[in-house]
Amino acid sequence: MRTAIEPSPLEMRAAMGNFATGVTIVTGLDEGEPVGFACQSFASVSLEPPLVLFCADHRGRAWPRIRPSGRFTVNVLGEDQAELCQRFGSSRGRKFENLAWDLSPEGTPNLPDTLMRVHATVEDVHVAGDHDVVIGRVTRLETPHRATPMLFFRGKFGVENQHEHVVPYLWGWGDHWG
């Protein structure tokens, strides 16, 4: 019997980079202060009841601060929002500093000009390796803007001109999104 060898983190990044994902920013409040992080692991789970999930590094700076409130908003980014993504994908700087945002009726930060907002309460959290898989019960949906979504593929935004396979440089990966 052959023993399977687990892929290295670099091999995982290179392989998983071939799966294009949308890009979101998960936001919440911590004692009245807005917090958020860039997240590309987001999906719909169920229509009845309405459930979504996202994955967040439980060692990150933002998710551990959002979790106690039990509420969050997933802000889905458009292709022209790279600056917003970089702001929230970095561990440096104040993410909400000089940013126009408003408070949703659910008490979570709404980011400007997003394609969709999913407002939810934390239904369940499952530890999976170095991440938490967060299941949220959707309380309200918004689709404020119609535009092309931001895609993340092979370590870059968008899928154009990416025909050759390149080991991705995942900016922000080292910042531990989440």
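The sequence shown begins at 356 in my numbering and counts up by one.
Beta carbons are placed, not taken as given, at the ideal position from N, Cα and C, and that holds for glycine.
Note that the structure is a prediction, hence the values are computed from the model and not measured.
request  = Check the C-beta distance from residue 352 over to residue 478 and give it rounded, since I have them as a contact under 8 Å.
outcome  = Residue numbering for the chain in the displayed model covers 356 to 533; residue 352 lies beyond these limits and cannot be assessed.
ask   = Helix, strand or coil for residue 524 per DSSP?
value = Unreliable placement is indicated for residue 524, whose pLDDT of 47 sits below 50; no coordinate value is reported for it.
query = When the Cα of residue 511 is compared with those of 500, 487, 491, 378, which residue comes out closest?
reply = 378
inquiry  = Restricting to runs no shorter than 3 residues, where is the beta strand (DSSP E) found entirely within the region 441–498?
reply    = 471–483, 486–497
message = With a threshold of 8 Å, are at least 3 pairs of Cβ atoms found where one atom belongs to the region 368–375 and the other to the region 397–412?
response = no
task = Would you kindly work out how many angstroms separate the C-alpha atoms of residue 453 and residue 439, rounded to a whole number?
result = 12 Å
ask   = Starting from residue 421 and walking both ways along the alpha helix (DSSP H), at which residues does that stretch end?
value = 418–421
task = Confirm, please, whether the CB-CB distance from residue 473 to residue 428 is below 8 Å.
result = yes
task = Within the same chain, show all residues whose beta-carbon is closer than 8 Å to that of residue 437, passing over the 5 residues directly before and after it, in chain order.
result = 505, 512
query = Does DSSP put residue 368 in a helix, in a strand, or in coil?
reply = helix
query = Can you name the start and end residues of the beta strand (DSSP E) that residue 388 belongs to?
reply = Taken as a continuous stretch (DSSP letters only), the beta strand (DSSP E) holding residue 388 covers 388–394.
inquiry  = In this structure, how does DSSP classify residue 439 when only helix, strand and coil are distinguished?
reply    = helix
request  = Kindly confirm or deny that the region 458–472 and the region 489–503 touch, where touching means at least three C-beta pairs closer than 8 Å.
outcome  = yes
task = Kindly indicate which residue of 508, 488, 514 has the alpha-carbon position closest to the one of residue 400.
result = 488
task = Decide if residue 361 is buried, meaning its Cβ has at least 16 other Cβ atoms within 10 Å, or exposed.
result = exposed
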